[in-house]
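Chains as they are written, first to last, in the working numbering: chain A, 1 to 563; chain B, 1001 to 1563. Ideal placement from N, C-alpha and C gives every residue a C-beta, glycine not left out. Quick caveat: nothing in here was measured; it's all calculated off a predicted structure. This report refers to the structure that appears directly beneath it.
There are 2 protein chains.
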Amino acid sequence: MKLSKKFQPDWREDVPAEGSYRSIFKYDPTKFKHPNAAWYEMFKKEFGMSDEDFKQRQPGGDEQVKIDHKITLTDDQITAFHNMVGGENVATDDYSRVKFSHGKSLDEDLSLRKNIVRQAPDLVLHPRDKEDVKKIVEYCNANRIPIITYGGGSGVVLGMRADKGGVAVVLRTHMNKVLKINELNKTCRVQPGMMGPDYEAALNHAPERFGSKIAYTGGHFPQSFELASVGGWITALGSGQASTYYGDAYHIIHSQEYVTPAGVIKTSDIPGTATGPKVNDILKGNEGAFGILVEATMKIFKHLPENRQRFSFMFSSWEDAVNASREIVQGEFGMPAVYRISDPEETEIGLQLKGFNDGLLNKFLKRRGFEPMRRSLCIGTVEGEKSYTVNVKKQLTRIARAHGAMSLTGYATKQWEHGRYSDVHMREDLLDYGIILDTLETGVTWDNLHNLHQSVRAFVKQRPGTCCLTHASHFYPQGTNLYFIFMIKPRDDEEFFQFRSDIVSKIVEQGGSVSHHHGIGRMFAPWMEKHLGPEQMAVLRALKRHFDPQNIMNPGGTLGLDD
Amino acid sequence: MKLSKKFQPDWREDVPAEGSYRSIFKYDPTKFKHPNAAWYEMFKKEFGMSDEDFKQRQPGGDEQVKIDHKITLTDDQITAFHNMVGGENVATDDYSRVKFSHGKSLDEDLSLRKNIVRQAPDLVLHPRDKEDVKKIVEYCNANRIPIITYGGGSGVVLGMRADKGGVAVVLRTHMNKVLKINELNKTCRVQPGMMGPDYEAALNHAPERFGSKIAYTGGHFPQSFELASVGGWITALGSGQASTYYGDAYHIIHSQEYVTPAGVIKTSDIPGTATGPKVNDILKGNEGAFGILVEATMKIFKHLPENRQRFSFMFSSWEDAVNASREIVQGEFGMPAVYRISDPEETEIGLQLKGFNDGLLNKFLKRRGFEPMRRSLCIGTVEGEKSYTVNVKKQLTRIARAHGAMSLTGYATKQWEHGRYSDVHMREDLLDYGIILDTLETGVTWDNLHNLHQSVRAFVKQRPGTCCLTHASHFYPQGTNLYFIFMIKPRDDEEFFQFRSDIVSKIVEQGGSVSHHHGIGRMFAPWMEKHLGPEQMAVLRALKRHFDPQNIMNPGGTLGLDD
């Protein structure tokens, strides 16, 4: 017994071999975070597994990438691309063709583990600048060559599969720099291929690097921060973990420059206009289907980590947490930055996994009426000017207390900050043993929150052996999002895909959006028409026809625009 | 001399006769505000006029409206409209045809004073509900009958001239009600023809009228508040005087329902989505060229007038005022609601007109170094939760003082509040004696503010006998607006139109937007392509073709989309 209890799976700690499938789908090849003993016990209990089940791994995708997808471009065309961007910026090797057409969805992970590559682009191009991009788009449009655009490769919605072959345009290789920090306007002009951490570091160190008077932050910290590019934030409409204060990517983007088959579009930095429908906003979220983003002006904010206030609360119930949160974000005293409430199952599993359930604090909480599987955890931060952060924390604490919350100080928030970008690295450990952790998320109005949460949970939980953790993490006065994390050990991949598809249908049927911040890609395209209605889809299709009459930009179903 | 000094023009105080041209163009037929003695002295001085010039009035448009524009609709078509909306909701009389196709631009005022009606619709329709609107649009689309939409009639950009005849659809007659207040979502569903004051009163009295728990405000108070409709705010992209806190109309609109020739489009109330380009935003600002807004969900805010903080400051210079304002709105401690800085000429004329220049305070100010024609006035309010308003006022006062400002307490703001909606009533008094006061406004980035201000001022002031008052009144972290008020006594109308046109060209040439919050209409359409560029115009035209393939919606050049 003792030995068995101590058994821990031999979680893989090896960096995937260069050139292997695993090096493509593993979230960050060089980073690891393994399930701790509490996680492991939870898997066994939830999925009816034993130590035996963790002795034999699933196929790990360790093979070298090798594909037999024909290159259909002519030699003349390939030569033309060489002339456009320089030979050193054209790749035709199998590895490049697979790497730069795959994101981080479960679907791609499961396929690549079995060495299945559904589609691949003919060529991979690494443009040096926006002039190169212009040449590429013009040439491809004239020759009807499909284009997919690769930013950071962090997408989880099959947003850039090369369904029609053609070329993959990789922006992060060369087009990855801050062009200008404008301290008067509080904006930063940046190239789309810059990765999140590089962008944030450039802003944090702006005085040294750019001679600016003060340091800045971009205010955008999605969970994919380490792997995502600035351009991806914009074109797929991401939300950062501090979006309740800083806004979603939609709000942080100030102006943009796109190369489209219909020409180059550069929008203005003027902050307020009444000059008809705002083309700048029309371009956001096009997921590469209208054109290629080549530059963006982002709003920037003072970097004031010294003013950050952390808070965390335990509420007696999810209802109390929701009511307090609504009152807080409708309170008109400013907004918290990070703000997140976990439903009872997420709260409970979170506590369990941190080994908290056996501690004194848990006993104390229970005695105070914070019962397991009823209580709800709230964590967050306030950012901004000092007096503002102090006041917002004071006001939201007052409201939380009025709803019966107990303050847990900033400790729980610090714990969350510690794992905010690294928990995702556990995914391969789970998949190595056939366990799937996937997420679905939706936007919701306040008056539909409980209905949507309960309906989706009821549907998910009717499948035996399914964990369903839910939180709300992006708040607006008019509503929030619901983020569903579900963990299952499916019979096979097909069961998982069907199950996920059914959950999405349930979300849409109950009035949630198809996505709050993951985007649509090809994965959620089938629900677009039902969610938006045929009239709105017709508008998107009209825009598509305008920008991309030959349908060369990210063809194959993204946003439900073709196929 | 004494008698002469005491002479005051015989400003008209008569309500325009029913059925007269004057009853159409006068801002509010029943309200009057006359220039005081200081204004009168200023006119004489600035425009080289004498008492004699104020003894004979210009043509006043007192004649009864009578037009000879043919009705080209067939009897069958007219009968069809009768059947659609009921005979009592169809008007063919001359007065209706002129009234419901004219706004409040100087251009319309000057024409109607001379009984000149350039265009008129054949019929005026007063739909009872959105089903009526649907029938009208379907029928007009099938029969290629042009439609102009009339909300409150406050527009100043020739936004609804019936250039192609057809029908005028008046929304304010029947479609003028609050449909629902949603206290959970903090939204109000409203019909587009509801007038500003009615809408605000409904929200302020929501507990009595709708049984809501608390009272609300819509947060939108444009200078045209008393004459504008909610639908006009949305479709022409207005900004309220408290927009720095509440946002422009663009931000306050939450979702919309339009009837377009391409069908009915109803967008969702979900506050955050990543489902492609946001059609809800694409519809805002279409100025009636895509379809007719029939319902809107607006964000609403707690009505907390008891928390309002007022402040006003005198800065030594415009540069100081601008620097302090930028620091304030980039301060990350929240935003003031009303916030307004006046350039030296506006500050000076404002003080003169309030008889302040001869007082003790002026001597005191001068002694403290606040020199006439250098000093700049700042006024404003803070709204929201109590602790927030106290803190924002405290922080912005700290910053203003650091830039050398002297606090004038809330007195100047109260004075401004007193005249905020009524100053416009002076317009007819001026026009009665050939003096034109018109306004042009533009959005601007911080880094272009001084260039734009100086260039436009220099251009305006090179014309002798021209007042040019400028303020900034809508603030964003990335910039603000410049609102130019110019007063001239032109040789003739033509001189005025040419002069105004040249100022607009100067604004656009120097990098300002064609409009910040007045909209485009037909007046500013000629500058759209230069301002937005051909690529953005092509996007707007593509949308126009999609929504309105027969070009029946507000045809004749609005937004530069046709002609």
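Residue-level contact by beta carbon fails for B/Met1160 and chain A, as no gap is shorter than 8 Å. With 16 or more neighbouring CB atoms inside 10 Å of its own CB, A/Arg22 falls in the buried class.
Taking the C-beta atoms as reference points, B/Gly1521 is found nearer than 8 Å to B/Glu1287. For A/Gly232, the enclosing alpha helix (DSSP H) stretches over residues 230-235. Fewer than three pairs of CB atoms, one per stretch, sit closer than 8 Å, so the region 387-397 of chain A makes no contact with the region 349-364 of chain A. A/Thr173 has its alpha-carbon roughly 15 Å from the corresponding atom of A/Ser154. DSSP places B/Gln1058 outside both helix and strand once states are collapsed to three, so it counts as coil.
The DSSP assignment places complete alpha helix (DSSP H) segments of no fewer than 4 residues inside the region 500-550 of chain A at 525-532, 534-547, in order along the chain.
For B/Tyr1476, the nearest beta carbon of chain A is closer than 8 Å to its own beta carbon. No Cβ-Cβ contact shorter than 8 Å links B/Phe1475 with B/Ala1405. When the alpha-carbon of B/Ile1265 is set against those of B/Gly1272, B/Pro1271, B/Glu1257, the nearest one is in B/Glu1257.
At least one C-beta of chain B is nearer than 8 Å to the C-beta of A/Ile282. Of all residues in the region 386-413 of chain A, only Ser387, Tyr388, Asn391, Lys394, Gln395 come within less than 8 Å of chain B when Cβ atoms are compared, listed by chain position. Taking a Cβ-Cβ cut-off of 7 Å, the neighbours of A/Thr275 in chain B comprise Ser1513, Val1514, Ser1515, Ile1520, Met1528, His1531, Leu1532, given in sequence order.
Residues of chain B whose Cβ lies closer than 7 Å to the Cβ of A/His254 are, in chain order, Gln1478. DSSP, reduced to helix, strand and coil, places B/Ser1342 within a strand of the structure shown.
The beta carbons of B/Thr1297 and B/Arg1189 sit closer together than 8 Å. Counting only unbroken stretches of 3 or more residues, the beta strand (DSSP E) elements lying wholly within the region 1180-1223 of chain B are 1187-1190, in sequence order.
The bridge partners DSSP lists for A/Gln64 are A/Ser20. If you look at B/Gly1419, you'll find it in the alpha helix (DSSP H) that goes 1411-1419. Close CB contacts of B/His1518 within its chain, under the 7 Å cut and outside five residues either way in sequence, are with Val1156, Val1157, Glu1441 (chain order). Taken in chain order, the complete beta strand (DSSP E) segments of 3 residues or longer contained in the region 265-336 of chain A are 292-299, 309-315. Under DSSP, A/Gln256 takes part in a beta bridge, and its partners are A/Ala296. In the structure shown, A/Gly560 falls within a helical segment according to DSSP collapsed to helix, strand and coil. Each of B/Met1528, B/Tyr1027, B/Glu1495 was checked against the Cα of B/Phe1225, and the nearest Cα belongs to B/Tyr1027. Bounds of the alpha helix (DSSP H) holding B/Asn1391 are 1386-1402. The three-state secondary structure of A/Asn481, taken from DSSP, is strand. The three-state secondary structure of B/Val1170, taken from DSSP, is strand.
Within chain B, no C-beta atom comes less than 9 Å from the C-beta of A/Ser105; the nearest is roughly 15 Å away.
At least one CB of chain A lies nearer than 8 Å to the CB of B/Gly1263.
Here the alpha carbons of A/Phe301 and A/Ile145 stand approximately 40 Å from one another. Each of A/Leu123, A/Phe486, A/Tyr139 was checked against the Cα of A/Glu346, and the nearest Cα belongs to A/Phe486. Along the region 316-337 of chain A, going in chain order, the ones with a CB nearer than 9 Å to a CB of chain B are Arg326, Gln330, Gly331, Glu332, Phe333, Gly334.
Judged by their CB atoms, A/Ala542 and B/Ala1538 are not nearer to each other than the 8 Å cut-off. At a beta-carbon threshold of 7 Å, the residues of chain B lying near A/Ile270 are Gly1443, Val1444, Thr1445, Gly1479, Ser1513, ordered along the chain. Against chain A, a Cβ distance below 8 Å from B/Ser1154 picks out nothing, because the smallest value is about 14 Å.
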